[in-house]
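Asks: This is the structure I want to talk about, given as structure tokens.
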Amino acid sequence: MSDHPETGLPPWTYTDPEFLALERDAVFSPSWQIVCHESDVATRGQYATLDFLGTLIFVVRGDDSVLRAFRNVCRHRAARLLDEPFGACSSRIVCPYHAWSYDLAGRLIGVAQRERYAAFENDDYGLVSVELREAGGFLFVNAGDEEASFGDFIRPMADEFARYKTKEMRAFGRITLRERDVNWKIAVENFVDYLHLPVAHNGLDGLVGASYALSVEDGACVISANINSAPDQSLSARAYRKYLPEAAHLPPDRRRQWRYVKLWPNLAFDTYPDQIDFMQFIPLSAERTLLREISYGLPDASRELAAARYLNWRVNRVVNEEDKDIIERTQAGMKSGVSPGPIADDEIGLRYFAERMREVLPVCRNANRPKTLREA
Ligand code: FES
Ligand SMILES: [Fe+2]
Numbered sequence: 473m474s475d476h477p478e479t480g481l482p483p484w485t486y487t488d489p490e491f492l493a494l495e496r497d498a499v500f501s502p503s504w505q506i507v508c509h510e511s512d513v514a515t516r517g518q519y520a521t522l523d524f525l526g527t528l529i530f531v532v533r534g535d536d537s538v539l540r541a542f543r544n545v546c547r548h549r550a551a552r553l554l555d556e557p558f559g560a561c562s563s564r565i566v567c568p569y570h571a572w573s574y575d576l577a578g579r580l581i582g583v584a585q586r587e588r589y590a591a592f593e594n595d596d597y598g599l600v601s602v603e604l605r606e607a608g609g610f611l612f613v614n615a616g617d618e619e620a621s622f623g624d625f626i627r628p629m630a631d632e633f634a635r636y637k638t639k640e641m642r643a644f645g646r647i648t649l650r651e652r653d654v655n656w657k658i659a660v661e662n663f664v665d666y667l668h669l670p671v672a673h674n675g676l677d678g679l680v681g682a683s684y685a686l687s688v689e690d691g692a693c694v695i696s697a698n699i700n701s702a703p704d705q706s707l708s709a710r711a712y713r714k715y716l717p718e719a720a721h722l723p724p725d726r727r728r729q730w731r732y733v734k735l736w737p738n739l740a741f742d743t744y745p746d747q748i749d750f751m752q753f754i755p756l757s758a759e760r761t762l763l764r765e766i767s768y769g770l771p772d773a774s775r776e777l778a779a780a781r782y783l784n785w786r787v788n789r790v791v792n793e794e795d796k797d798i799i800e801r802t803q804a805g806m807k808s809g810v811s812p813g814p815i816a817d818d819e820i821g822l823r824y825f826a827e828r829m830r831e832v833l834p835v836c837r838n839a840n841r842p843k844t845l846r847e848a
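Note that this note's numbering has the sequence shown beginning at 473, numbered continuously upward.
Okay, structure coming up:
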């Protein structure tokens, strides 16, 4: 389709709970959602949970070392089973409500006060399993009911995972969960909006100067920047440049590059010579979004690398605060109902996102909210 929208999506799509319900079916149900890295669940009984638009999921390492994913819901009275974002259990999962228990392969193995029930087969009440895929050591689940091609989704990162050796990486921080008062699309669009970088991110700009490049390929939007190009640098940026060791496993053009890759619909990887993190934008409501993020790096004891990672964190901590301000003020403006204006010709990430949304949900071509969003 040669449709080149001049503007972004209309304001009502950023505030409407019913529209979020449409997105859940059309955008998220056929999507893949990242849970963690396989090293986060390295030993048996270790698990990671993901709550996504009301679907509760966990990944767990079994007694046989196999990783499996299940709905995080007891088959008795449907109580939630596991609570921690990342945690560990023994060789059984015991429901806090009436103590039914499951093994790590999801089989129902214990029914408390069984004599009180009419006869039933345990096999009929195992945990509901969820499709699980791995790429570059990262684990993904299909959070909805619809089939989606995992290959298409992950293709833009496949070579990158190999290049950065992500399979050998380990988390070096905890998972962070930060809530923002925005619709998920505002957060995602801000991630691919590159004209704001020199305006709103002084510190980052002082690290990479005007070296930003933007591309859209295979459904992924990539912004890259070179940390050697800026003349004026903050203390953190200068120190980062100084301590960052030569990442010999990377091609020369990547050894000094910061690279942001955004996959459809709500996942991004921040790729640095010293580490990689994922940032997942999880809708909590039409006007609230959770940023779920964690950093991974190759095991390496060098003090220079530790210093570089710390300084990277310092630079990005500021970037995150600056982005919080920008996205929340945009949400407030969208909520006030004023329609956004033109998108710059070279903001191809924003254009791609709006076009894809219009393709998947044609109803968002309407400048004003139609009375009914779903056709009867
Ligand atoms: S709801 Fe889990 S044991 Fe009753
Ligand atoms: Fe930003």
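In this text, a Cβ means the ideal position worked out from N, Cα and C, and glycines have one as well.
Remember, it's a predicted structure, so these values are computed and weren't measured experimentally.
#1: Determine whether the beta carbon atoms of residue 732 and residue 787 lie at a separation below 8 Å.
#2: Quick test of your reading: residue 488 and residue 758, contact by CB under 8 Å. State the CB separation rounded to the nearest angstrom.
#3: Is any non-hydrogen atom of ligand 2 found closer than 7 Å to the C-beta of residue 794, if you look at the structure I gave you?
#4: Excluding five sequence neighbours on each side, which residues of the same chain lie with their C-beta closer than 6 Å to the C-beta of residue 828?
#5: How would the residue list near ligand 1 read, in chain order, if you kept each one whose beta-carbon is closer than 5 Å to any heavy atom?
#6: Run through DSSP, which three-state label would residue 761 get?
#7: Starting from residue 734, follow its DSSP beta bridges and name the residues at the other end.
#8: Are residue 647 and residue 558 close, meaning C-beta to C-beta below 8 Å?
#9: How is the beta strand (DSSP E) around residue 520 delimited, first residue to last?
#10: Does the contact criterion of 3 or more C-beta pairs under 8 Å hold for the region 595–604 versus the region 545–557?
#11: On the CB-based measure, 16 or more other CB atoms within 10 Å of its CB, does residue 707 come out buried or exposed?
#12: Is the CB of residue 505 under 8 Å away from at least one CB in chain D?
#13: For residue 532 and residue 540, what's the separation of their Cα atoms in angstroms?
#14: Where do the ends of the beta strand (DSSP E) carrying residue 581 lie?
#15: For residue 813, which residues of its own chain have a beta-carbon under 7 Å away from its beta-carbon, when the five flanking residues on both sides are left out?
#16: Below 8 Å on the Cβ atoms is my guess for residue 575 versus residue 564; work out the distance and round it to an integer in Å.
#17: Where does residue 572 sit, in a helix, a strand or coil, going by DSSP?
#18: In chain order, what residues of the same chain lie with their CB nearer than 7 Å to the CB of residue 684, ignoring the 5 residues before and after it?
#19: Measuring CB to CB, does residue 711 end up less than 8 Å from residue 678?
#20: Between residue 737 and the rest of its own chain, which residues show a CB-CB distance below 6 Å, the 5 nearest in sequence each way excluded?
#21: So, does the region 518–526 touch the region 632–641, judging by three or more C-beta pairs under 8 Å?
#22: If I'm right that residue 612 touches residue 518 with Cβ under 8 Å, what's the distance once you round it to whole angstroms?
#23: With a threshold of 8 Å, are at least 3 pairs of Cβ atoms found where one atom belongs to the region 784–799 and the other to the region 717–727?
#24: Would you list the residues sitting across from residue 698 in a DSSP beta bridge?
#25: Could you check whether the Cβ of residue 790 sits closer than 7 Å to any heavy atom belonging to ligand 2?
#26: Count the other CB atoms within 10 Å of the CB of residue 608; is the residue buried (16 or more) or exposed (fewer)?
#27: Please list, in chain order, all residues of the same chain as residue 473 whose beta carbon is under 8 Å from its beta carbon, the five residues on each side excluded.
#28: If I'm right that residue 656 touches residue 761 with Cβ under 8 Å, what's the distance once you round it to whole angstroms?
#29: Are there 16 or more other CB atoms within 10 angstroms of the CB of residue 836, so buried, or fewer, so exposed?
#30: What does residue 542 pair with, by DSSP beta-bridge criteria?
#31: Let me check you understand the geometry: is the CB of residue 672 closer than 7 Å to at least one non-hydrogen atom of ligand 2?
#32: Answer yes or no: do residue 551 and residue 567 have a C-beta to C-beta separation smaller than 8 Å?
#33: If you reduce the DSSP assignment to three classes, tell me which class residue 843 lands in.
#34: What do you reckon, is the C-beta of residue 738 under 7 Å from a heavy atom of ligand 2?
#35: Among residues of its own chain, excluding the 5 on either side of residue 844, which ones have a beta-carbon nearer than 7 Å to its beta-carbon?
#36: Rounded to whole angstroms, what is the Cα-Cα separation between residue 754 and residue 766?
Replies: With the given structure in hand:
#1: The residue you call residue 732 lines up with position 260 of the sequence shown. The residue you call residue 787 lines up with position 315 of the sequence shown. Their beta carbons are not under 8 Å apart, which means residue 732 does not touch residue 787 by this criterion.
#2: On the sequence shown, residue 488 is found 16 positions in, with the first residue counted as 1. On the sequence shown, residue 758 is found 286 positions in, with the first residue counted as 1. So it is a contact: roughly 6 Å between Cβ atoms.
#3: Position 322 of the sequence shown, counted from the first residue, corresponds to residue 794. Yes.
#4: In the sequence shown, residue 828 corresponds to position 356, counting from 1. Cβ neighbours of residue 828 beyond the five flanking positions: none.
#5: 546, 548, 549, 551, 567, 569, 570, 572
#6: Counted from its first residue, the sequence shown places residue 761 at position 289. Residue 761 falls in the strand class under three-state DSSP.
#7: For the purposes of this step, residue 734 is identified with residue 262 of the sequence shown, where counting begins at 1. Residue 734 is bridged to 693, 740.
#8: By 1-based counting over the sequence shown, the position of residue 647 is 175. By 1-based counting over the sequence shown, the position of residue 558 is 86. The answer is yes: Cβ separation under 8 Å.
#9: Along the sequence shown, read from residue 1 onward, the residue named residue 520 stands at position 48. Unbroken beta strand (DSSP E) run through residue 520: 518–524.
#10: yes
#11: As a first step, residue 707 is located in the sequence shown; it is residue number 235 there, counting from the start. The residue is exposed, with fewer than 16 neighbouring Cβ atoms inside 10 Å.
#12: Absence of chain D from the displayed structure is noted, only one protein chain being present.
#13: Counted from its first residue, the sequence shown places residue 532 at position 60. Counted from its first residue, the sequence shown places residue 540 at position 68. When rounded, the distance between both Cα atoms is 6 Å.
#14: Along the sequence shown, one-based indexing puts residue 581 at 109. 580–582 is the span of the beta strand (DSSP E), which, as asked, contains residue 581.
#15: Locating residue 813 in the sequence shown gives position 341, counting from the first residue. Same-chain partners within the cutoff: 479.
#16: Here residue 575 corresponds to residue number 103 of the sequence shown, with the count starting at 1. Here residue 564 corresponds to residue number 92 of the sequence shown, with the count starting at 1. Right, their Cβ atoms sit about 6 Å apart.
#17: On the sequence shown, position 100 is the one that residue 572 refers to. Note: residue 572 maps to coil in three-state DSSP.
#18: Taking the first residue of the sequence shown as 1, we reach residue 684 at position 212. Correct list, in chain order: 666, 669, 695, 697.
#19: Here residue 711 is taken as the residue at index 239 of the sequence shown, counted from 1. Here residue 678 is taken as the residue at index 206 of the sequence shown, counted from 1. Contact flag unset, no.
#20: Here residue 737 refers to the residue found at position 265 when the sequence shown is read from its first residue. Hits under 6 Å: 499, 503.
#21: no
#22: Here residue 612 corresponds to residue number 140 of the sequence shown, with the count starting at 1. Here residue 518 corresponds to residue number 46 of the sequence shown, with the count starting at 1. About 17 Å; that fails the 8 Å criterion.
#23: no
#24: Sequence index remark: in the sequence shown, residue 698 carries index 226 (1-based). Its beta-bridge partners are 729.
#25: Looking up residue 790 in the sequence shown gives position 318. Every heavy atom of ligand 2 is 7 Å or more from the Cβ of residue 790, so no.
#26: Within the sequence shown, numbered from 1, the residue matching residue 608 stands at position 136. Classification of residue 608: buried, given that the 10 Å Cβ count is 16 or more.
#27: Within the sequence shown, residue 473 is the residue found at index 1, counting from 1. With a pLDDT of 44 at residue 473, under the threshold of 50, the modelled position of that residue is not reliable, and no figure is offered here.
#28: For the purposes of this step, residue 656 is taken as the residue at position 184 of the sequence shown. For the purposes of this step, residue 761 is taken as the residue at position 289 of the sequence shown. Yes, residue 656 and residue 761 are in contact; Cβ-Cβ is about 5 Å, under 8 Å.
#29: Taking the sequence shown and counting its residues from 1, one reaches residue 836 at position 364. Burial call: buried.
#30: Position 70 of the sequence shown, counted from the first residue, corresponds to residue 542. DSSP lists 530, 601 as partners of residue 542.
#31: Looking up residue 672 in the sequence shown gives position 200. Checking the Cβ of residue 672 against ligand 2 gives yes.
#32: Taking the sequence shown and counting its residues from 1, one reaches residue 551 at position 79. Taking the sequence shown and counting its residues from 1, one reaches residue 567 at position 95. Going by C-beta atoms, residue 551 is nearer than 8 Å to residue 567.
#33: Within the sequence shown, residue 843 is the residue found at index 371, counting from 1. Coil, per DSSP.
#34: If you number the sequence shown from 1, residue 738 lands on position 266. No, since every heavy atom of ligand 2 falls outside the 7 Å radius drawn around the Cβ of residue 738.
#35: Translated into the one-based positions of the sequence shown, residue 844 becomes position 372. None.
#36: For the purposes of this step, residue 754 is taken as the residue at position 282 of the sequence shown. For the purposes of this step, residue 766 is taken as the residue at position 294 of the sequence shown. Approximately 14 Å between the Cα atoms of the pair.
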